[in-house]
Structure formats: structure tokens, C-alpha cells
Amino acid sequence: MNYQSTRGAIFADEAEAILRGIAADGGLFVDPSLGERPFDWRRCLTLSATEMQSMILSHLLPGIPDMDALVRRAYAGKFETEDLTPLVKAGGDYVLELFRGPTAAFKDVALSMLPQLVAAAKEKRGETGQTVVLTATSGDTGKAALEGFRDVAGTRIFVFFPHGGVSAIQRAQMVTQEGANVTVCAVRGNFDDCQTGVKRAFAALAGDEAIRARGQELTSANSINIGRLAPQLVYYFLAYARLAESGRLCVGDPVDYVVPTGNFGDILAGWMAKRLGLPVGKLVCASNANRVLTDFFRSGVYDRRRDFYRTDSPSMDILVSSNLERLLFYVSGGDCALVRRCMEALAQEGFYRFPDELMERLRAEFSAYCCTDAEGAEEIGRLWREEGYLCDPHTAVAARAARQYREESGTDAPLVILSTASPYKFPAAVLAALGGSAEGDEFAETDALASLTGVPVPRSLSALRGKAERHGDVIGVGEIIPYIQHKLSEDR
């Protein structure tokens, strides 16, 4: 099956799309036939979590062999439950807990799978060189990617994160990472700077003769890579299946999903699940003070020319949401010229206007809301007091959006809130929201939060205490490319 660039006539099979990560023209690989090929979504709902994942990935990536075995290797023994992502009732809504994996964040579902897909894709294409994974992170992708690719034969991974732009726990997870093939580096800037720097590195290093001579090939672990995005569809199916099993709905009834959103990959996975037939109702895009997506859905103008805010929900501190490009491709009927013009305008002028008639199509499927840190803190406190449910700041943004959406729409359909991280990844913000305090570092705050609530700390986070820092590099945005070149030359 051919994947296509969102920006033009560049095609690749599934294996090449996974290994290259991004198309040569800067576009993202998409399946132009998504939703056109038959998929038995009703049967999918009857399967176990891993069987469900295998069925979905076999459909999206049919050229990757032995998917059942790849899925088993990806998830066996890594998650707290066999269900991977438990669904928990909290008041009148449901919370889909995506943080029960090895790094306590939703990225674990996809980044446990991606190394398996990369290995299978290399075998299929007969590639024996070193796969160099370049990753920008706003907090959670980095650790999950590092954990997934740590000491995987034939791979080398670089993770770049914004200096001072992640929580103390997120930083600790990354800078203490073990593994002979991993490099972690802070960048003086925000996530968009990291992401832009990595994209420029792909373009600049694609023809680097020294890298080619060493048999090294670049790919990405961000959701710009279809191998990272495709595994995320499964938890939309899992949530729907659990609601049906509980009798909350009849199979075929629509379910609305509320998604805390930064780079737009998580919510796009829900839209893709809908294209496969899953009865997804509205997809509610929840943003923090960096409300570029909320403003886009409301105005039709995507404008990154605005103040950037560092918030209590740092994984959403993003002004350039890369995966939105894929949605523009699909909703425009595959109009690559339109997508290319929009992306060029965004890069050169800082904004683009999407056609009104196409925005109407988007608004039929998406709603968008945003909230401040103060409003998010209120939501954390409310959920704990009224429902006894402890959530992190990203989930709080989604929970507040869920209440706003219900009030405005009047819907009585089941509402699923995607919870993307453990509250213990952001103990300072959560503790403060509950009126608590602690003196000392992030581990003192973690202890105080656990004492106050009685909610257990994930083992992967408590194990960070006392671990030595292994990665202390801090560079400027313009230094990313020479930094990668230098580090790769040392691997010789």
C-alpha cells in the first residue's frame, strides 16, 4: 500500500514511511485511501486490547508482516493492566487513563510499539545500517521514546526538550535515562523551536555524505511518523468497547471524546478511528493558554504570531501543531497544493486562512475550548473534592472543556475524557491546586501529594529518586544540526 506526502506526489510504502518519518518535501505521510477499504470495526470491539491493536495496525500498515508477534513483544509485561488503558467513571463522565505504561504518560501506547515497527520495516527493506531517531518533546514523548528505543540494536536516539519548559519530574525522567544509544539535550527555546530544529535537521542531514557513508538513516519518534500515530487509534476503540460492555450504550451509538491537545496527534487518532467506522461523535479539542487550535477552529485562521506561555500543562505549550496538516489534507479531499500553500504561509508569514467551506466541515466534527492555569487548578480541586478523582493539569484542561461542551451542546451522549499523564508527573501544580504545600524538591512534593490523597505513586516515577543525571547538555536552537553531526561522528 502506498502512503503519500500531504504536500505532493511523493509516495512510499508502509516500511519506507515508518523509516523516513517525514517526506522529502517536508510533508507528512498519509494513507490517501483511509476509510475507503473495509474494516470490521464491530468485530474489533470484541477483541482483547492486544488483539485489537494487531487488527487495527494490520489494516493501517498491511505491508508490515507478523503484526501479532510485534504487538505481543511491544506490550508484554509493560503496562499495569492487560487492558492497557483503563476506563474509569468520574461523575457523569468517563476518564480514559492512558498513563498506565512504563513512563506514566499516554505516549507509552505508541512508543512501546514504534521500535517494533522500525525493526520490522528495516527487515522488510533489507536495511542493515543504523537508524537514527530524532525527537523533539514537550515533555512526555521524550521519555517514552527513550524507554522504547533504549539499547535496541541498530538504533540511535536523540531527544531535544525545551530548557526550563518541562516539569521537574519530566526532566528527571529524561536526564537520568540509561542506555548506550541515547542522547538527551536541552534547547534554549520552546517546544516549537525544538520541533522546527528537528525538522530542519531532517532536511539538512538527508544528503550528508558523512552520515550516509556510516550507513546511518534518520527517522522520527514524534507523531509526524505514521508508525507513531497509527498505534494511538486503539484506545478510542478500547474506550468504546468498555462502554458497550458496561451497558452504557448500544453498539452504533455515538461517543464524544475530549482530548487535551498540543501537537494534534492524539485527537487526530480519534478522527482516524472514526474514518475506520468507530461511532465517534464530536471530538473536543482542549487547549491551555496557548490557544492556537481553539482560535483556529473558531476563526478559520491558524496564527502562530502570538505570545508563548509556559503553563502548568507543558506538553500542550505548542504554537505549531504539526499533525493538523494531515487533517487539512483529508478534509480538503487530498488537495496537496492547498496544504502546501498553507504550510508555506505558516512558515514564511506566521499564519494561514483555511477556506470557509472546509472549516464548516471541520466544525461539524470538532469543537474547541481552552482554559488558563487558574481555571485548570480549579478543575483539579473540583474533581478531587466532588468525585475523589486525582488528575494532572493536562487532564484538568480536558475536564473543564468537557463541562463547557456539555453546557453548550446539551448532549447526553457518553463523554470520554482522555487522561494523558499521571498527576505525579506534575506534583507541584497538583499539590498547589489541592491547597497543599511542601518544602524541597519535586520528590518532597510527590511525597506530600501522596500523603494528602492516598493515591499511589507510579513505580516508574518513585524510582527516579536518587538516580544520577547522565545528560546535561544545553544548546541553542541553531546548534541542533552541528550537535547531531558531532555526536554521530563520535559513534564511528
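Numbering-wise, the sequence shown is residues 145 to 636 according to my numbering. The C-beta atom is built at its ideal place from N, Cα and C for all residues, glycine as well.
For L427, the residue or residues it bridges with in DSSP:
Y401 and F510
Item to check | Euclidean distance between Cα positions of E267 and P206 | outcome: 15 Å
- Please determine, among N146, L258, F243 and M318, the residue with the shortest C-alpha to C-alpha distance to H615. M318
Item to complete: Assuming C486 contacts Y496 (C-beta within less than 8 Å), just tell me the rounded distance between them.
Response: 4 Å
* At a cut of 8 Å, does the segment 408-427 reach the segment 378-395 through at least three beta carbon pairs? -> yes
Quiz item: Apart from the five residues just before and just after N467, which ones in its own chain have a Cβ nearer than 8 Å to its Cβ?
Solution: L172, S367, I368, L373, N407, F408, G409 and L412
Residue ranges of each beta strand (DSSP E) within the segment 302-358, 3 or longer: 326-332
Exercise for review: Could you say if the segment 352-362 and the segment 243-255 meet the contact criterion of at least three C-beta pairs nearer than 8 Å?
Suggested key: no
| Would you report the Cα separation of P209 and S202, rounded to the nearest angstrom? | 8 Å
May I ask you to report which of helix, strand or coil DSSP gives I561?
-> strand
Using the beta-carbon count (16 or more within 10 Å), is Q492 buried or exposed? exposed
Which complete alpha helix (DSSP H) runs does the segment 525-609 hold, if anything under 4 residues is left out? 537-553, 571-577, 586-597 and 603-606
Assess contact between the segment 294-304 and the segment 584-603, defined as three or more Cβ pairs (one per stretch) separated by less than 8 Å. Is contact present? no
Inset, instruction - Please indicate yes or no: does the CB of T363 lie closer than 7 Å to some heavy atom of the ligand ZN? - result: Questions concerning the ligand ZN fall outside what the structure shown contains, since it holds no ligand whatsoever.
(request) Measure the C-alpha to C-alpha separation of L608 and A388 and round it to an integer number of angstroms. (result) 38 Å
(Q) In the DSSP assignment, the beta strand (DSSP E) including V618 goes from what residue to what residue? (A) D617 to G620
### Query
By DSSP, does R300 sit in helix, in strand, or in coil?
strand
Check: When DSSP builds the beta bridges, which residues end up paired with F250?
Finding: Answer is none; F250 lacks a bridge partner.
task = Assign G283 to buried or exposed, taking buried as 16 or more other Cβ atoms, counted over all protein chains shown, within 10 Å of its Cβ.
result = buried
With a threshold of 16 other CB atoms inside 10 Å of the CB of P571, please say whether the residue is buried or exposed.
buried
- Item | Cross-strand partners of F155 (DSSP beta bridge) | Q148
Nearest candidate by alpha-carbon position, reference T555, set Q339, G425 and T275:
G425
### 3 or more residues per run - each beta strand (DSSP E) lying fully within the segment 222-281
231-234, 237-241 and 274-280
Is the separation between the beta-carbon of V326 and that of L290 shorter than 8 Å?
yes
* Quick one, which of R442, R186 and T405 has its alpha-carbon nearest P423's? -> R186
N- and C-terminal bounds of the beta strand (DSSP E) containing Q492: Per DSSP, Q492 belongs to no beta strand (DSSP E); it is in the alpha helix (DSSP H), C480 to Q492.
*asked:* Under DSSP, the beta strand (DSSP E) around V445 begins and ends at which residues?
replied: V445 to D447
Among R470, Y453, S443 and A540, nearest to E501 - alpha-carbon criterion: S443
**Report entry** Enclosing alpha helix (DSSP H) for Y380 [first to last residue]
**Finding:** V378 to E389
Practice problem: Quick one: give me the first and last residue of the alpha helix (DSSP H) that R470 is part of. | Solution: L468 to V475
- [ ] Output the distance between the C-alpha atoms of C429 and F441, rounded to the nearest integer angstrom.
- [x] 9 Å
Nearest to A385 by alpha carbon, out of Y568, I162, L632 and L191?
L191
Could you tell me the alpha carbon to alpha carbon distance between E593 and G584, rounded to whole angstroms?
In the sequence on display, residue 593 carries Leu and not Glu. If I take the Cα positions, the gap works out to 13 Å.
Exercise for the section: Compute the distance between the beta-carbons of S595 and A512, then report whether it is under 8 Å. Expected result: no
_For a test of the three-state rule: what should DSSP assign to F498, helix, strand or coil?_
coil
| task | Return the first residue and the last residue of the alpha helix (DSSP H) that T190 is part of. | result | No alpha helix (DSSP H) holds T190; DSSP gives it neither H nor E.
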